[in-house]
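Novice: For the sequence shown, numbering that gives the first Met the number 0 assigns the number 0 to the initial residue and increments by one for each residue that follows.
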Amino acid sequence: MKMRSYLLLFGVFLLAIASWTAANSAGGRAPAQGEKPGSSPQQALSVSLLQLIATPAAFDGKYVRVIGFVCIEHEGTAIYLHREDSEHMLTNNGLWLAGVAETAVEGSKEAEVKDRYALIEGRFTAKNKGHRGLWSDAIEDITRMQAWEIRKTKK
């Protein structure tokens with residue numbers, strides 16, 4: 000019976016160490032002392048496009064991570080809520096992507112995300128409204144553009 004108690008105690012100890020290790024390594028780089036979420040590219044806030052469009056002042060100047068439909072074209076590079084918003088040029092439902100190439104050269108990040116849903120990380124600005132001021136706001140200093148893979152279920 001005493002051996003069973005020691006084994007149980009040892010198992011709890013190992014579980015505690017494993018939990019502590021996972022918690023301390025899960026985030027990649029730990030935030031610097033005093034560093035707040037959204038204050039750097041390494042601490043981007045995961046938000047929806049709706050949050051950014053509806054409350055731009057709350058996120059102005061912060062680094063954000065959003066998912067939406069990306070359109071890469073001359074004078075129209077943006078991320079939208081939906082594919083249809085891009086197709087019908089509903090620019091108020093999108094954010095201008097500042098500093099992104101207007102052509103998607105094969106093998107580039109732009110080509111990877113063009114005309115598909117993608118994850119974008121960068122600094123949100125409520126002051127930049129894009130080409131001719133048509134978009135709600137903009138994302139500048141983009142640090143990450145990655146195609147968003149959607150699993151399709153078989154019917």
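A virtual CB, placed ideally from N, CA and C, is assigned to each residue, including glycine.
Closest to Ala97 by CA distance: which of Ser39, Gln145, Thr54 and Arg122 is it?
Specialist: Arg122
Novice: Between which two residues does the beta strand (DSSP E) carrying Gly50 extend?
Specialist: The question names Gly, but residue 50 in the sequence shown is Gln. First-last for Gln50: Leu48 to Ala53, but that is the alpha helix (DSSP H), not the beta strand (DSSP E).
Novice: Distance, Cα to Cα, Lys126 vs Lys153?
Specialist: Cα to Cα, the separation comes out at about 44 Å.
Novice: So if DSSP puts Phe68 in a beta bridge, which residue, or which two residues, is it bridged to?
Specialist: Tyr79 and Tyr116
Novice: Would you be able to state if there are at least three C-beta pairs under 8 Å between the region 127-135 and the region 98-108?
Specialist: no
Novice: DSSP on Arg143, reduced to helix/strand/coil?
Specialist: strand
Novice: Please identify the residue among Lys151, Ala137 and Asp114 whose C-alpha is closest to the C-alpha of Ile71.
Specialist: Asp114
Novice: I think Arg143 touches Glu109, with their Cβ atoms under 8 Å apart; what is that distance to the nearest whole Å?
Specialist: At roughly 13 Å, the Cβ-Cβ gap does not stay under 8 Å, so Arg143 and Glu109 are not in contact.
Novice: Keeping to the same chain, check which residues put their C-beta closer than 7 Å to that of Ala146; ignore five residues upstream and five downstream.
Specialist: Glu111, Val112, Arg115 and Ala117
Novice: With distances taken Cα to Cα, identify the nearest neighbour of Ile141 among Ala53, Tyr62, Phe58 and Ser107.
Specialist: Comparing Cα positions, the closest option is Tyr62.
Novice: Within the same chain, show all residues whose beta-carbon is closer than 7 Å to that of Ser39, passing over the 5 residues directly before and after it, in chain order.
Specialist: Tyr62
Novice: Using the three-state DSSP reduction, which class does Ser85 fall into: helix, strand or coil?
Specialist: helix
Novice: Under a three-way DSSP split, which group does Gly60 fall into?
Specialist: Looking at Gly60 - three-state DSSP - the assignment turns out to be coil, as it is neither helix nor strand.
Novice: Alpha carbon to alpha carbon, how far is Gly106 from Gln50?
Specialist: Linking Gly106 to Gln50 through their CA atoms gives a straight-line distance of about 32 Å.
Novice: Can you check DSSP and say which residues form a bridge with Thr124?
Specialist: According to DSSP, which records beta bridges pairwise, Thr124 is partnered with Ala137.
Novice: Where does Ala137 land, buried or exposed, given buried means 16+ other C-beta within 10 angstroms?
Specialist: Using a 10 angstroms sphere on the CB of Ala137, the tally of other CB atoms reaches 16 or more, which defines it as buried.
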